[in-house]
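Residue numbers (our numbering): 4 to 380.
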């Protein structure tokens with residue numbers, strides 16, 4: 004239904020100047036005549052993207068589709084119809100691999116697509132052979148400096164070295180259909196650790212596409228039941244950017260998760276340029292202040308004021324605050340003076356593996372009686 008509506012909307016915009024051919028699997032070829040140059044082709048592509056955005060906004064969809072446009076130019080790039088189509092397909096694939104919405108074909112497109120395919124294949128194998136690991140960074144309560152929980156962070160390691168960072172392989176997992184498997188792996192391992200550490204609260208990052216996936220709630224319930232942890236011991240972290248990109252739909256999903264007893268945290272807060280009108284409606288329990296502000300707050304008065312403003316606003320709306328990137332005692336004390344609730348950072352511990360975390364809980368003096376490991380299996 005959505006694809007039919009998209010085709011109709013494109014046809015109305017293009018009128019007699021364009022022809023649309025369905026290639027199957029959600030792909031369309033659009034032939035536009037009388038474009039004078041590359042710049043006009045880009046403008047036409049951007050206009051089609053705006054039409055698609057308007058249609059998505061007005062549709063009741065379970066998740067937001069990702070639309071990418073690849074452009075090939077006739078006759079400057081080729082005069083052969085089959086080659087022209089292949090160039091456009093390579094440009095669209097290159098756009099998706101770089102998380103772009105529009106790409107004009109160039110000689111580097113094939114290389115970028117090939118690299119993306121190779122990385123996709125490697126990621127699928129990594130999920131099978133155990134190269135994907137879960138590390139944990141403690142979250143420290145300002146009062147008493149005790150462990151209040153840990154954040155689970157996915158790492159792709161091969162022979163102890165990083166293959167790619169989460170900012171690369173998580174969007175890749177979304178694109179190639181592996182995000183369900185990757186999310187289950189992290190969620191299950193995190194809740195297993197929670198059970199082995201006497202109910203240690205854990206936080207798991209959730210990608211935008213996974214948040215809107217129709218089976219996500221069942222996945223969470225299954226993981227909680229499997230490891231026998233309490234719902235309020237699991238915090239789901241979503242980025243502020245993901246929240247405000249589609250605020251109404253994301254808010255509805257987050258509210259349902261909160262109603263089920265889960266805690267919600269807004270990650271990277273301060274980077275999404277949200278307004279106060281959004282702030283007062285955020286369906287969350289805590290805000291995580293982005294580390295880029297925290298790490299500069301003693302050097303830049305503007306960052307200091309921003310962090311302090313976020314803390315005060317959160318207090319007004321009864322939201323907890325977590326400062327990321329706390330690396331020294333001076334920053335920690337400044338945050339404590341502001342009334343920030345929790346801190347994460349190298350001052351206490353980097354992200355470490357499960358066994359190392361258990362040892363850290365035993366020896367750091369911050370674990371407390373409730374969060375001491377009770378099993379090594």
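Idealized CB from N, CA, C, for every residue including glycine.
Quick one: Cα of residue 143 to Cα of residue 112, how far?
Rounded to the nearest whole angstrom, the CA to CA distance from residue 143 to residue 112 is 46 Å.
Looking at the unbroken alpha helix (DSSP H) that takes in residue 186, where does it start and where does it end?
182-199
Which residues mark the beginning and the end of the beta strand (DSSP E) in which residue 240 is found?
237-242
Strictly under 9 Å for the Cβ-Cβ distance: is residue 170 near chain C by that measure?
Among the chains in the structure shown there is no chain C, since it carries only a single protein chain.
Do residue 169 and residue 208 count as a contact pair if the criterion is CB distance below 9 Å?
yes
Just mark residue 2 as buried or exposed, buried being the case when its beta carbon has 16 or more other beta carbons within 10 Å.
For residue 2 there is no data in the structure shown, the boundaries of the chain being 4 and 380.
Got a sec, what are the start and stop residues for the alpha helix (DSSP H) residue 263 sits in?
That residue, residue 263, is in no alpha helix (DSSP H); it is neither H nor E in DSSP.
Near residue 229, what residues of its chain come up, given a Cβ to Cβ distance below 8 Å and the 5 sequence neighbours on each side ignored?
191 and 194
The alpha helix (DSSP H) that contains residue 294, what's its start and end?
In the DSSP assignment, residue 294 falls within the alpha helix (DSSP H) that extends over 294-297.
Please specify which runs of the beta strand (DSSP E), each continuous and at least 3 residues long, are wholly inside the region 58-119, giving them in chain order.
72-74 and 105-107
Skipping 5 residues on each side, what residues in its chain have a beta carbon closer than 7 Å to that of residue 352?
140, 141 and 363
Exposed or buried, which one is residue 245 when buried takes at least 16 other CB atoms within 10 Å?
buried
Hey, out of 226, 185 and 26, whose CA is closest to residue 205's CA?
226
Using 9 Å as the threshold, is the C-beta distance between residue 167 and residue 130 below it?
no
Which partner residues does residue 324 have in the DSSP bridge list?
290
Would the region 282-301 count as touching the region 263-270 if we require 3 or more Cβ pairs under 8 Å?
yes
In this structure, does DSSP put residue 135 in helix, strand or coil?
strand
Is it buried or exposed for residue 298, if we count other Cβ within 10 angstroms and need 16 for buried?
buried
How close, in whole Å, do the beta carbons of residue 98 and residue 71 come, if the pair is a contact with beta carbons under 8 Å?
4 Å
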